[in-house]
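Asker:
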Amino acid sequence: MRMKSFAIVAALALSTAIAGCSTIGSQIFTNNYGPMTDAGYQLPRIPIEKVPFKYRRQIVSYDTGEKPGTIVVDTQNKFLYYVMGGGEAMRYGIGVGREGFEWRGTARIAA
Numbered sequence: 062m063r064m065k066s067f068a069i070v071a072a073l074a075l076s077t078a079i080a081g082c083s084t085i086g087s088q089i090f091t092n093n094y095g096p097m098t099d100a101g102y103q104l105p106r107i108p109i110e111k112v113p114f115k116y117r118r119q120i121v122s123y124d125t126g127e128k129p130g131t132i133v134v135d136t137q138n139k140f141l142y143y144v145m146g147g148g149e150a151m152r153y154g155i156g157v158g159r160e161g162f163e164w165r166g167t168a169r170i171a172a
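The sequence shown begins at 62 in this note's numbering and counts up one residue at a time.
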């Protein structure tokens with residue numbers, strides 16, 4: 062599946078879900094930004110000190126009616142949330158291209 066198609070499929074309506082987001086009591090993950098191999102490609106270390114704090118991967122408070130395992134993409138604020146349940150989500154900073162700001166709605170991703 063092309064990345065654009067995946068992103069469109071992953072995009073969900075955010076107007077009500079984002080209202081419950083908070084970074085109070087968040088847990089930051091900075092130890093997994095080192096060099097690694099992925100699909101046979103060697104990826105360099107990411108200089109974490111150059112990544113703005115708010116875009117670093119972290120567990121945040123996230124009150125939503127979505128089920129655990131749901132992916133919520135907030136194109137306006139450039140975040141992706143992986144709903145974990147218990148009022149928490151893993152939040153990732155993302156880049157959003159011009160076309161991404163046009164995405165709306167919900168979609169179901171099946172394996």
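Quick reminder that beta carbons are idealized off the backbone N, C-alpha and C, glycines included.
Alpha carbon to alpha carbon, how far is Pro129 from Glu149? Give it in angstroms, no decimals.
Answerer: Approximately 9 Å, taken between the alpha carbons.
Asker: In angstroms with no decimal places, state the Cα-to-Cα distance between Lys115 and Gly166.
Answerer: Whole-angstrom Cα-Cα distance: 25 Å.
Asker: Take Gly95 and list the residues in its own chain whose beta-carbon comes closer than 6 Å to its own, dropping the five residues that flank it on each side.
Answerer: Within the same chain, Gly95 has close Cβ partners Arg106.
Asker: Using the three-state DSSP reduction, which class does Tyr116 fall into: helix, strand or coil?
Answerer: Tyr116 falls in the helix class under three-state DSSP.
Asker: Give the secondary structure of Ile132 by DSSP, where H, G and I count as helix, E and B as strand, and everything else as coil.
Answerer: It is a strand residue.
Asker: Relative to the C-alpha of Leu141, which residue among Pro108, Ile120, Tyr102 and Asp99 is closest?
Answerer: Selected option, being the one with the closest Cα: Ile120.
Asker: Nearest-angstrom Cα distance between Arg176 and Thr125?
Answerer: Here the chain comprises residues numbered 62 to 172, so residue 176 is not present and cannot be evaluated.
Asker: If you draw a straight line from the alpha carbon of Gly146 to that of Val133, how long is it in whole angstroms?
Answerer: So the two alpha carbons sit approximately 13 Å from each other.
Asker: Rounding to the nearest angstrom, what Cα-Cα distance links Ile170 and Thr131 in this structure?
Answerer: So the two alpha carbons sit approximately 9 Å from each other.
Asker: State the Cα-Cα distance for the pair Arg117 and Asn138, rounded to the nearest angstrom.
Answerer: About 13 Å.
Asker: Can you name the residues that DSSP bridges to Asp99?
Answerer: Per DSSP, Tyr102.
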